[in-house]
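J.: Residue numbers (my numbering): 1315 to 2052.
Glycine included, each C-beta is placed from N, C-alpha and C at the ideal position.
Just passing along the structure, written as structure tokens.
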């Protein structure tokens, strides 16, 4: 039995394509584009207009499936290719050939489509546009999937991944592998698809990469097999990524999936909240109106579940005022929403007529995707009004489903109908089927626990490799020290050779017979100087590599602490782990700044403080409750000073966030780092919170945070000053040794 997620993958890809077609703002419609082409005199502009015309026709074909639009798209892009050849513009030519391949895919001509794509790839690779070559294969695979040629889609994504491995800076591995995970489901191999999606999340989750698609993909899969716990985990994670990165053009899809999940869990209040967020986002776009009325319908049904009939009716009226239904499907779903409200209001006859009309209209429009759900609505309507015969007939028209939860829900409905009809045999039969599907879902959930154990096993393996990574780090440090010794030796040798050069030049003036020998020695000297420069570059690279590896090792430990915290219920232990994670991040940021900077010896404190504050805001999910003011001079500190300063700053800001303000109280934290005289600096962190207790004594406190700040202050030759002045003030003045 194919899992429903296979269908969902196809629907997701079509949703993205249709949504893009519906939301794309073309500069002109087809007729105006033709007029613009006729009037255009510049060939390169005319080519781009033909490309836009092909895109317009391709979008119309995607919506209507009318072959006229597909033929028109192919003719338009061929015109663009012919003009490109005429003016010898290879860039526009192969760009147009790429679009021609996509149109061939739409027409089912995969042979010519592949020829076009291979020509495009060759041009991009020869021109060293490696990123465009990778993206072209991804687009080609997506087009193949929309046509249902999934083997070709898999080949396209695998080719894209192979190019990425050759040119790793030119693509996004997570995006490519996400398409491969999708493809496994389309090829009826859900186990491989799930494994690939989990591997993507495990590899990239702590690398500041947007994984929203992979996470929502796993969420829908786990929902389809009944593992609601993991479904909710990944769905919430996908929404968090969408809100963090803000790179997605259809964020409403992710909120909609979260609403569907809460609907299945029976949490109507949360379901309504996220459906409203979905509807709010869709109201801001040019999305087809049937999606607006369908989303509003889900809100109405959940209001009715909660017994809030007035709220359901208000939602119906509000949607009708904002969007008067124009399209056939928009009118159908608006009528369905009216039926829900009529039924809840006791207008039984009107509700029945509307339920029946919805089914008739969906059949005439051949919109088969939701006819089964419309029959289910009608059957539940008849059952609620004790019209058991009509309920049975409607239920028989629901149709087969491959989704475990839809089948379970259907069998439960039939059980209720037969029970109310005193059909003991039929009721027992459907109840047994309902129980079997319920148990099947339970078994699927248990199998997911095995996957959790496997993931834990992989985590343990990573922990065992930490020692090896640390050992390698020490070895590289020793190699760097040896490189420093070699550099000094070369510099000394270069000085000696410079003296020899002076003697040789003097000898040349005395006796020109030594001219040839001097030339040879000059050549040798230049070679040594070149080798010296190369060694200096190698030293700088090695230093950056060490900082990079230290930062990566710290992130690995942070990731392990994050995973460990999910298994700890003790609040004190959990707080200690999270504090350790934040302290490690403050050190990791310094090493990140060093390997990203041209100067590998000092840290730009202004940039560093901005990133640290941003990290702490995300960690504590402040949502704007606490504002930050920063007054930081253009100061660069060496790593041995930057690390303790960063740790002090982390402790001071964390202390203010956690203890300075009451819950829901707006607060202000001010951070200042000033150069008060040459090599003398002042670091101050203050807030407008509750301040210190009247009996507070810094010398007697046992707080780890204050003890750590006091010790670090001494380490950099400074003194920690703590005072209450309309809040807490922490100040450290320190002087660097010149």
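Got a sec? Which residues, its chain only, sit under 6 Å from residue 1473 by beta carbon, not counting five neighbours each side?
T.: Residue 1473 sits at position 159 when you count from the first residue of the chain shown. Excluding positions up to five away in sequence, the list reads 1451.
J.: Measuring alpha carbon to alpha carbon, tell me which of 1370, 1592, 1417 and 1478 ends up nearest residue 1446.
T.: The sequence position of residue 1446 within the chain shown is 132, counting from 1. Ranking 1370, 1592, 1417 and 1478 by Cα distance to residue 1446 puts 1478 first.
J.: Can we say the region 1666-1683 touches the region 1618-1626, given the rule of at least three CB pairs closer than 8 Å?
T.: no
J.: Taking residue 1943 as part of the beta strand (DSSP E), name the residues at either end of that continuous run.
T.: On the chain shown, position 629 is the one that residue 1943 refers to. Element bounds for residue 1943: 1940-1946.
J.: Do the region 1489-1505 and the region 1457-1475 make contact, defined as three or more Cβ pairs closer than 8 Å?
T.: yes
J.: May I ask you to report which of helix, strand or coil DSSP gives residue 2073?
T.: Since the first residue of the chain shown is 1315 and the last is 2052, residue 2073 is not available in this structure.
J.: Could you have a look at residue 1995 and say whether DSSP puts it in helix, strand or coil?
T.: Walking along the chain shown from the start, residue 1995 turns up at place 681. Strand.
J.: Please check the pair residue 1291 and residue 1388, which I expect to be a contact at CB under 8 Å, by giving their CB distance rounded to whole angstroms.
T.: This structure cannot settle anything about residue 1291, because the visible part of the chain is limited to 1315 through 2052.
J.: With the cut-off set at 9 Å, would you say residue 1916 and residue 1956 are in Cβ contact?
T.: For the purposes of this step, residue 1916 is taken as residue 602 along the chain shown, with counting starting at 1. For the purposes of this step, residue 1956 is taken as residue 642 along the chain shown, with counting starting at 1. Result yes, Cβ atoms of residue 1916 and residue 1956 sit closer than 9 Å.
J.: Alpha carbon to alpha carbon, how far is residue 1593 from residue 1636? Give it in angstroms, no decimals.
T.: The sequence position of residue 1636 within the chain shown is 322, counting from 1. The sequence position of residue 1593 within the chain shown is 279, counting from 1. Cα to Cα, residue 1636 sits roughly 12 Å from residue 1593.
J.: Going by other Cβ atoms of all chains shown within 10 Å of its Cβ, with 16 needed for buried, is residue 1483 buried or exposed?
T.: The residue labelled residue 1483 in the question sits at position 169 within the chain shown. The residue in question, residue 1483, is exposed, as its Cβ has fewer than 16 Cβ neighbours within 10 Å.
J.: Cα separation between residue 1810 and residue 1820?
T.: To locate residue 1810, count along the chain shown from 1; it is residue 496. To locate residue 1820, count along the chain shown from 1; it is residue 506. Using only the alpha carbons, I get a separation of about 16 Å.
J.: Can you give me the Cβ contacts of residue 1414 inside the same chain, cut-off strictly under 6 Å, excluding the 5 residues immediately before and after it?
T.: As a first step, residue 1414 is located in the chain shown; it is residue number 100 there, counting from the start. The answer, listed in chain order, is 1391 and 1430.
J.: Note the first and the last residue of the continuous beta strand (DSSP E) segment covering residue 2042.
T.: Position 728 of the chain shown, counting from 1, holds the residue named residue 2042. Taken as a continuous stretch (DSSP letters only), the beta strand (DSSP E) holding residue 2042 covers 2042-2049.
J.: Can you give the Cα-Cα distance for residue 1755 and residue 1523, rounded to whole angstroms?
T.: Locating residue 1755 in the chain shown gives position 441, where the first residue counts as 1. Locating residue 1523 in the chain shown gives position 209, where the first residue counts as 1. Only weak support is given to the placement of residue 1755: the predicted model assigns it a pLDDT of 44, under 50, and the value that follows is read from those uncertain coordinates. Straight-line spacing of the CA atoms in residue 1755 and residue 1523 works out to 33 Å.
J.: Which one of 1386, 1380 and 1789 has the shortest CA to CA distance from residue 1344?
T.: Here residue 1344 is taken as the residue at index 30 of the chain shown, counted from 1. Comparing Cα positions, the closest option is 1386.
J.: How long is the line joining the alpha carbons of residue 1640 and residue 1364, rounded to whole angstroms?
T.: Locating residue 1640 in the chain shown gives position 326, counting from the first residue. Locating residue 1364 in the chain shown gives position 50, counting from the first residue. Their backbone Cα atoms lie some 31 Å apart in a straight line.
J.: If I follow the unbroken alpha helix (DSSP H) through residue 2057, where does it start and stop?
T.: Residue 2057 is absent from the structure shown; the chain starts at 1315 and stops at 2052.
J.: Can we say the region 1529-1538 touches the region 1566-1580, given the rule of at least three CB pairs closer than 8 Å?
T.: The region 1529-1538 vs the region 1566-1580: in contact.
J.: In whole angstroms, give me the CA-to-CA distance for residue 1525 and residue 1519.
T.: Counting from 1 along the chain shown, the entry for residue 1525 is found at position 211. Counting from 1 along the chain shown, the entry for residue 1519 is found at position 205. If you take the alpha carbons of residue 1525 and residue 1519, they lie about 7 Å apart.
J.: Could you give the distance in angstroms between the alpha-carbon of residue 1953 and the alpha-carbon of residue 2036?
T.: Here residue 1953 refers to the residue found at position 639 when the chain shown is read from its first residue. Here residue 2036 refers to the residue found at position 722 when the chain shown is read from its first residue. Distance between the alpha carbons of residue 1953 and residue 2036: 25 Å.
J.: Taking the alpha carbon of residue 1948 as the point to measure from, which residue in 1814, 1987 and 1933 has its own alpha carbon closest?
T.: Here the question's residue 1948 lines up with position 634 in the chain shown. The shortest C-alpha separation from residue 1948 is found at 1987.
J.: Taking Cβ to Cβ, would you say residue 1999 is nearer than 9 Å to residue 1963?
T.: Your numbering for residue 1999 matches position 685 in the chain shown. Your numbering for residue 1963 matches position 649 in the chain shown. Taking 9 Å as the Cβ cut-off, residue 1999 and residue 1963 qualify as a contacting pair.
J.: Just how far apart, CA to CA, sit residue 1826 and residue 1818?
T.: Reading the chain shown from its first residue, position 512 is the one you call residue 1826. Reading the chain shown from its first residue, position 504 is the one you call residue 1818. Cα to Cα, residue 1826 sits roughly 10 Å from residue 1818.
J.: Grouping DSSP H, G and I as helix and E and B as strand, with all else coil, what is residue 1351?
T.: Stepping through the chain shown from its first residue, residue 1351 is reached at position 37. If DSSP states are grouped into helix, strand and coil, residue 1351 belongs with the helices.
J.: Short of 8 Å in beta carbon distance, which residues of its chain neighbour residue 2041, apart from the five on each side in sequence? Order them along the chain.
T.: Locating residue 2041 in the chain shown gives position 727, counting from the first residue. The answer, listed in chain order, is 1974, 2000, 2001, 2002, 2003, 2004 and 2005.
J.: Does the beta-carbon of residue 1377 have 16 or more other beta-carbons within 10 angstroms, so that it is buried, or is it exposed?
T.: Walking along the chain shown from the start, residue 1377 turns up at place 63. Looking at its Cβ environment, which holds fewer than 16 other Cβ atoms inside 10 Å, residue 1377 is exposed.
J.: Secondary structure at residue 1771, three-state DSSP: helix, strand or coil?
T.: As a first step, residue 1771 must be located in the chain shown, where it is residue number 457. Because the pLDDT at residue 1771 is just 33, under 50, the model does not fix this residue reliably, and the point stays unresolved.
J.: Could you tell me the alpha carbon to alpha carbon distance between residue 1657 and residue 1612, rounded to whole angstroms?
T.: Position 343 of the chain shown holds residue 1657. Position 298 of the chain shown holds residue 1612. So the alpha carbons of these two residues sit roughly 15 Å apart.
J.: From the DSSP secondary-structure annotation, give me the bridge partner or partners of residue 1988.
T.: Position 674 of the chain shown, counted from the start, is the residue given in the question as residue 1988. According to DSSP, which records beta bridges pairwise, residue 1988 is partnered with 1996.
J.: DSSP on residue 1579, reduced to helix/strand/coil?
T.: Position 265 of the chain shown, counting from 1, holds the residue named residue 1579. Residue state, collapsed to three classes: coil.
J.: For residue 1931, which option in 1920, 2031, 1688 and 1971 has the closest C-alpha, if you only look at C-alpha atoms?
T.: Residue mapping note: residue 1931 aligns to position 617 of the chain shown, counting from 1. Nearest of 1920, 2031, 1688 and 1971 to residue 1931, Cα basis: 1971.
J.: Between 1599, 1550 and 1604, which has its C-alpha nearest residue 1588's C-alpha?
T.: Residue mapping note: residue 1588 aligns to position 274 of the chain shown, counting from 1. The residue with the shortest Cα to Cα distance from residue 1588 is 1550.
J.: Counting along the chain, where does the beta strand (DSSP E) carrying residue 2033 start and finish?
T.: For this step, residue 2033 is matched to residue 719 along the chain shown. Per DSSP, residue 2033 belongs to the beta strand (DSSP E) from 2033-2038.
J.: Comparing C-alpha positions only, which one of 1678, 1603 and 1618 sits nearest to residue 1648?
T.: As a first step, residue 1648 is located in the chain shown; it is residue number 334 there, counting from the start. For the residues 1678, 1603 and 1618, the minimum Cα distance to residue 1648 belongs to 1603.
J.: Spatial neighbours of residue 1989 within its chain, please: C-beta separation below 7 Å, excluding the five flanking residues on both sides.
T.: Mapped onto the chain shown, residue 1989 falls at position 675. Hits under 7 Å: 1947, 1949 and 1995.
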